[in-house]
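To convert, count from 1 in the sequence shown and add 11; that's this note's numbering. Just so you know, even glycine gets a beta-carbon here, dropped at the ideal spot from N, CA and C.
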Amino acid sequence: MISRVTVLMVLFSIIGLWAQDSIPNYADANIQLKTFFDNDQVPQNREVVYHVELSWKGELDRYQISNVGDPAVSNLKLRGSGSSNRFFVDEAGNPKSVKQVNFYFTPIEMGMAYIDGITIQYEDKILSQKETLSAQRLGVKIIEPLPDPNADADIGFIIIISIVILFAIVVIYFVIRFITQRKLNAQAEEVQPKTVEEKYLELLDDIELSAENRNETLSSITKLLSSYFAEKYTMPGSINFDQIKPPLVSFNINEDLQEKINNLFERDKLSKFAREQVAENELHLFFDTVEQLIKQIQKIESEKENNQ
């Protein structure tokens, strides 16, 4: 009986020791706050790097840490910031977490620059305890700017590039001028006077069919056709269909188109003397008729020139 009790006591002792070893030592898990600069002296044309480092034993998610806001500074201008988290196991086999916030500042002028102390609050999620950490004010000396080793090389490079660009601009200018002048000379040699047909087709395009007074528009179309034949065949000012019929026949203009031309002259007379209003569809018909006639004559004469 005594031996059984002894065995049970030994077992309970072993279990107790194992339980103690398996319980984390939360007292050693406090956060350590450290702030420091990369360098205590920084040239004015270089960057001041300020680090805020929080480290503790345990997992990264052990603590809820408040955001580290931008610190108050003097003689410095904040350029940017960034943060990183790191987890590792130290030489003793203990898990360790590190959170680092980095601030990058541009010096304003030579002399001392300062970053005021910061206060960080955090909460232990396991123990449900809130604590506050504080860091002291730090100073960094801003010294004379360092000479830029690339300055001379940059100036020389800029001069060379400027000369090359200037030379290229001069070459491009004279090339463009030469090409433009050659085109102008070629165009001057190739410019030919407009044919009568080209002239009157352009004048016909200038007639507005949407004008309110369709009778006047019809009269303009008739006058244009009369002027065309008067200029082409040196006819008298007042022209009727009988006068232009011989040229139409000589050009083999079909009878249907000839009839439409005759109707144009007759309709123009009625609109002038009988005051009959011209319908919109009539106006478009006569416009197309005159255009078709002039283009047919233009095509026939062009074919004659090509066959010569």
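Please return the same chain residues whose Cβ sits closer than 6 Å to the Cβ of residue i, not counting the five positions on each side in sequence.
i	result
residue 262	308 and 311
residue 58	115
residue 83	127
residue 225	289 and 294
residue 259	269
residue 243	207
residue 222	228
Would you mind working out which of the options sits nearest residue i, comparing C-alpha positions?
i	options	result
residue 128	184, 218, 273 and 81	81
residue 60	125, 43, 66 and 101	125
residue 119	182, 55 and 268	55
residue 154	52, 167 and 79	52
residue 64	313, 131 and 121	131
residue 296	286, 285 and 275	275
residue 302	285, 313, 140 and 232	232
residue 85	144, 140, 98 and 151	151
residue 145	257, 264, 45 and 258	45
residue 48	147, 175 and 140	147
residue 70	176, 318 and 98	98
residue 218	191, 298 and 177	298
Quick one: Cα of residue i to Cα of residue j, how far?
i	j	result
residue 149	residue 94	20 Å
residue 235	residue 198	30 Å
residue 306	residue 208	7 Å
residue 300	residue 227	17 Å
residue 292	residue 204	35 Å
residue 282	residue 187	57 Å
residue 334	residue 185	Any property of residue 334 remains undetermined from this structure, which presents the chain solely from 12 to 319.
residue 315	residue 206	14 Å
residue 100	residue 107	6 Å
residue 79	residue 91	13 Å
residue 273	residue 196	46 Å
residue 42	residue 160	44 Å
residue 122	residue 138	46 Å
residue 135	residue 104	22 Å
residue 254	residue 269	12 Å
residue 278	residue 194	49 Å
residue 72	residue 110	11 Å
residue 220	residue 214	13 Å
residue 66	residue 102	16 Å
residue 229	residue 287	12 Å
residue 189	residue 179	15 Å
residue 324	residue 158	The displayed coordinates of the chain run from 12 to 319. Any statement about residue 324 would go beyond what the structure contains.
residue 142	residue 96	20 Å
residue 313	residue 264	15 Å
residue 267	residue 257	15 Å
residue 216	residue 191	31 Å
residue 173	residue 62	44 Å
residue 166	residue 176	15 Å
Can you list, in chain order, the residues of its chain whose CB lies under 7 Å from that of residue i, leaving out five sequence neighbours each side?
i	result
residue 250	237, 240 and 241
residue 245	none
residue 211	235, 239 and 305
residue 36	Here residue 36 scores only 43 on pLDDT, less than 50, and its place in the model should not be relied on; the value that follows carries that caveat. So no residue of the chain qualifies.
residue 89	81, 114 and 116
residue 75	133, 134 and 136
residue 156	54, 55 and 56
residue 285	none
residue 252	272, 273 and 276
What does residue i pair with, by DSSP beta-bridge criteria?
i	result
residue 89	116
residue 150	125
residue 192	Residue 192 pairs with nothing; no bridge assigned.
residue 48	61
residue 54	154
residue 144	131
residue 84	126
residue 254	In the DSSP output, where bridge partners are listed per residue, residue 254 has none listed.
Could you pull out every residue in the same chain whose Cβ sits closer than 8 Å to the Cβ of residue i, ignoring the five residues on either side in sequence?
i	result
residue 77	131, 132 and 133
residue 33	Interpretation of residue 33 is limited by its pLDDT of 38, a score under 50 that renders its predicted location unreliable; no figure is taken from the coordinates.
residue 317	none
residue 21	Here residue 21 scores only 45 on pLDDT, less than 50, and its place in the model is too uncertain to base an answer on.
To test your reading of the DSSP string, which unbroken alpha helix (DSSP H) runs of 4 or more residues are found completely within the region 260-313? Runs of the alpha helix (DSSP H) inside the region 260-313: 266-284.
Threshold first: 3 residues or longer. Then list the beta strand (DSSP E) segments lying entirely within the region 56-80, N to C. Look at the region 56-80 and you find these whole runs of beta strand (DSSP E), each 3 residues long or longer: 59-68 and 74-76.
Threshold first: 3 residues or longer. Then list the beta strand (DSSP E) segments lying entirely within the region 94-135, N to C. Look at the region 94-135 and you find these whole runs of beta strand (DSSP E), each 3 residues long or longer: 106-118, 122-126 and 130-135.
So within the region 178-252, which uninterrupted beta strand (DSSP E) runs reach at least 3 residues, ignoring any that extend past its ends? Fully contained in the region 178-252 is no beta strand (DSSP E) run of length 3 or more.
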